[in-house]
Amino acid sequence: MTAGVYRGAFVLALLVGLALLGLQLKWVLLQLFAAAIVAAGMAPVVRRSTDVPQPWLGNRRPPKGLVVALIYAMVGLVVLVLGTILLQVVLVQGGLLLERVPAFALAVQDWYAGLSRRSPLLAQLNLFDLLGGVSGLTGWATGVLRQVLNVATVLLALFGGALNVLFVLFMALYLTVDGATMRDYLLVFLPRDRQAQARRVLTDISLRLGHWVVGELTLCLIVGVAAGIGFALLGVPGAALLGVVWAVAELIPGIGPFVAAAPSIALGFVGGPSTGIIATIFTFLFSQVENNILVPRVMGHAVKLNPLVVLLALLVGNELLGLAGALFAIPLAAAAAVIVDELRRERLIQLEAASLVPTQTRDGSQPEQSAAVIG
Numbered sequence: 371m372t373a374g375v376y377r378g379a380f381v382l383a384l385l386v387g388l389a390l391l392g393l394q395l396k397w398v399l400l401q402l403f404a405a406a407i408v409a410a411g412m413a414p415v416v417r418r419s420t421d422v423p424q425p426w427l428g429n430r431r432p433p434k435g436l437v438v439a440l441i442y443a444m445v446g447l448v449v450l451v452l453g454t455i456l457l458q459v460v461l462v463q464g465g466l467l468l469e470r471v472p473a474f475a476l477a478v479q480d481w482y483a484g485l486s487r488r489s490p491l492l493a494q495l496n497l498f499d500l501l502g503g504v505s506g507l508t509g510w511a512t513g514v515l516r517q518v519l520n521v522a523t524v525l526l527a528l529f530g531g532a533l534n535v536l537f538v539l540f541m542a543l544y545l546t547v548d549g550a551t552m553r554d555y556l557l558v559f560l561p562r563d564r565q566a567q568a569r570r571v572l573t574d575i576s577l578r579l580g581h582w583v584v585g586e587l588t589l590c591l592i593v594g595v596a597a598g599i600g601f602a603l604l605g606v607p608g609a610a611l612l613g614v615v616w617a618v619a620e621l622i623p624g625i626g627p628f629v630a631a632a633p634s635i636a637l638g639f640v641g642g643p644s645t646g647i648i649a650t651i652f653t654f655l656f657s658q659v660e661n662n663i664l665v666p667r668v669m670g671h672a673v674k675l676n677p678l679v680v681l682l683a684l685l686v687g688n689e690l691l692g693l694a695g696a697l698f699a700i701p702l703a704a705a706a707a708v709i710v711d712e713l714r715r716e717r718l719i720q721l722e723a724a725s726l727v728p729t730q731t732r733d734g735s736q737p738e739q740s741a742a743v744i745g
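Count the sequence shown with the working numbering and you get residues 371 to 745, in order.
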C-alpha cells in the first residue's frame with residue numbers, strides 16, 4: 371500500500387513538473403508542433419514521390435532524403451517569391467494610397483459640406499472643427515500610413531518572421547526524413563502491449579494534421595477569390611491585392627479578418643465616400659460569414675470535428691495563448707479528438723467483452739438463463 375502511494379505521488383509530481391516545464395517552453399513546443407503540421411502536410415507528396423519507381427533512375431525508387439530536400443526547396447522558393455511579390459504590391463498600393471490621402475480628405479470635406487447645406491443640424495455641429503479640421507485629419511492619416519509603410523520596420527519584422535519560418539521548415543524537413551525512426555525510438559519506452567496502439571494513434575494524428583493543412587489552404591483559396599471578386603464588383607481599387615491580403619490573413623485565426631479589414635476599408639474610401647461605406651458594410655458581413663460559417667464548416671469537415679467544437683477550440687486557444695493559441699487550436703483539437711476516439715473505442719471493447727462474460731452467483735454457480743434467452 372505504501373509503495374503504491376509513493377508511486378502515485380511520484381507520477382503526480384512528474385506530471386506537474388512536465389506541465390510547468392511545458393509552460394516555460396511553450397513557444398518552442400508550438401514551433402515543434404508547427405513543424406509536425408508541415409511534415410504531416412508534406413507526407414502524402416513525399417510518399418507518392420518515393421513509392422513510384424522512376425525511369426531516369428533505372429526503374430528504382432528515388433532516395434527519400436533527396437526527394438524531401440527538393441520538395442522543401444521548391445516550397446521555400448514559392449513562399450519567397452510570393453512573399454516578395456506581396457511585399458512589392460503592398461508597398462506600391464500603400465504609396466498610391468498615401469498620395470491620395472489629401473485628395474480624399476478634401477473630398478470628404480466637400481461631401482460633408484454638401485450634407486451640411488441640406489441639414490441645418492449638421493451645420494450647427496461643425497464636425498470638422500471638432501476634429502481639428504481637414505488639415506489635422508490629413509496629417510494624422512499621412513503620419514499613420516508613413517509609420518505603417520516604414521521600410522525599415524517592415525524589413526525588420528519580415529526578417530524575424532523569416533527566421534522563425536526557416537527554423538520551422540528545417541525541423542519539418544528532419545521530421546519528414548526521420549520521423550518514423552524517432553517515433554519508433556520513443557515507443558520503446560511504452561509497454562509492449564501499448565506500442566501498436568500508440569503507433570496507430572500517432573498515424574491517425576498525422577493524417578488529421580495533413581487534412582488540416584489541406585483544409586487551411588482550401589479556405590485561403592475560397593476566401594481570397596471571394597474577397598477579390600466582391601471588392602472588384604464594388605469598384606474598390608486594388609481588388610486583386612485585397613484578395614491576396616484576405617487569403618493570407620485567413621492563416622491568422624480570429625484576428626485575420628480584422629487585419630484584412632483595415633486596407634479593405636481604406637482602399638474603399640479611396641474610391642470615394644459612397645464606395646467606402648459600401649466596402650465597410652461588405653467587409654463586416656464578409657468577415658462574419660468567414661468566421662462563423664466558412665471556417666467551422668470547412669475546417670470541421672477537414673479534421674472531422676463538429677463546427678461547434680471548432681469554434682470552442684478557437685475561443686479556448688485564444689484565451690490561453692493569444693494569437694498562437696488560436697493559430698494551433700484546431701490542429702490541437704484534432705489531435706485530442708484522435709486520442710479521445712481511441713480511448714472511447716478501447717472502452718467500448720472492454721464493455722462489450724464484459725457483457726459476454728457470464729456473471730457468477732454468490733455460491734459460485736452460473737446463473738440460469740431465462741426462457742426468453744433460451745428461446
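No residue lacks a Cβ here, since even glycine has one placed at the ideal position from N, Cα and C.
Close-in-space but distant-in-sequence residues of the same chain around residue i (CB under 6 Å, 5 per side omitted)
{"i": "alanine 699", "result": "Ala683, Leu684, Gly687"}
{"i": "alanine 568", "result": "Leu557, Leu560"}
{"i": "leucine 761", "result": "What the structure shows of the chain is the stretch from 371 to 745, and residue 761 is not part of that stretch, so it cannot be assessed."}
{"i": "valine 398", "result": "none"}
{"i": "alanine 631", "result": "Thr653"}
Nearest-angstrom Cβ-Cβ length linking residue i and residue j, presumed shorter than 8 Å
{"i": "valine 538", "j": "glutamine 394", "result": "At roughly 20 Å, the Cβ-Cβ gap does not stay under 8 Å, so valine 538 and glutamine 394 are not in contact."}
{"i": "valine 606", "j": "leucine 612", "result": "7 Å"}
{"i": "aspartate 421", "j": "arginine 431", "result": "7 Å"}
{"i": "glutamate 660", "j": "valine 593", "result": "6 Å"}
{"i": "leucine 591", "j": "valine 665", "result": "The pair is not a contact, with the Cβ atoms about 14 Å apart (cut-off 8 Å)."}
{"i": "valine 668", "j": "glycine 585", "result": "6 Å"}
{"i": "alanine 542", "j": "alanine 379", "result": "Going by Cβ atoms, the distance from alanine 542 to alanine 379 rounds to 39 Å, so no, they are not a contact pair."}
{"i": "valine 405", "j": "isoleucine 575", "result": "In the sequence on display, residue 405 carries alanine and not valine. In fact, because the Cβ distance is near 14 Å, the residues do not count as touching under 8 Å."}
Coarse secondary structure for residue i, derived from DSSP in three states
{"i": "arginine 430", "result": "strand"}
{"i": "glutamate 689", "result": "helix"}
{"i": "valine 386", "result": "helix"}
{"i": "alanine 676", "result": "Note that residue 676 corresponds to asparagine in the displayed sequence, not to alanine. In the structure shown, asparagine 676 sits in coil (DSSP, three-state: anything other than H, G, I, E or B)."}
{"i": "phenylalanine 628", "result": "helix"}
{"i": "phenylalanine 559", "result": "coil"}
{"i": "isoleucine 622", "result": "coil"}
{"i": "valine 606", "result": "coil"}
{"i": "glycine 638", "result": "helix"}
{"i": "proline 701", "result": "helix"}
{"i": "proline 633", "result": "helix"}
{"i": "leucine 726", "result": "helix"}
{"i": "leucine 395", "result": "coil"}
{"i": "proline 423", "result": "coil"}
Buried/exposed call for residue i, threshold 16 Cβ in 10 Å
{"i": "glycine 641", "result": "buried"}
{"i": "methionine 444", "result": "exposed"}
{"i": "isoleucine 407", "result": "buried"}
{"i": "proline 623", "result": "buried"}
{"i": "serine 725", "result": "exposed"}
{"i": "alanine 566", "result": "exposed"}
{"i": "glycine 411", "result": "buried"}
{"i": "tryptophan 616", "result": "buried"}
{"i": "proline 423", "result": "exposed"}
{"i": "leucine 391", "result": "exposed"}
{"i": "tyrosine 442", "result": "buried"}
{"i": "leucine 713", "result": "exposed"}
{"i": "glycine 600", "result": "buried"}
{"i": "phenylalanine 540", "result": "exposed"}
{"i": "proline 433", "result": "exposed"}
Beta-carbon contacts of residue i that lie in its chain and below 8 Å, excluding the five residues immediately before and after
{"i": "threonine 551", "result": "none"}
{"i": "isoleucine 648", "result": "Leu604, Gly638"}
{"i": "threonine 645", "result": "Leu604, Gly605, Val606, Gly638, Phe639"}
Close Cβ partners of residue i (< 7 Å) along its chain, the five nearest in sequence each way excluded
{"i": "valine 437", "result": "Val416, Ser419, Thr420"}
{"i": "phenylalanine 403", "result": "Phe698"}
{"i": "leucine 572", "result": "Arg553"}
Could you check whether the stretch 548-565 touches the stretch 687-696, counting it as contact only if at least three pairs of C-beta atoms, one from each stretch, sit closer than 8 Å? no
Per the contact definition of three or more C-beta pairs closer than 8 Å, is the stretch 564-581 in contact with the stretch 672-683? Contact between the stretch 672-683 and the stretch 564-581 is present, because at least three Cβ pairs lie under 8 Å.
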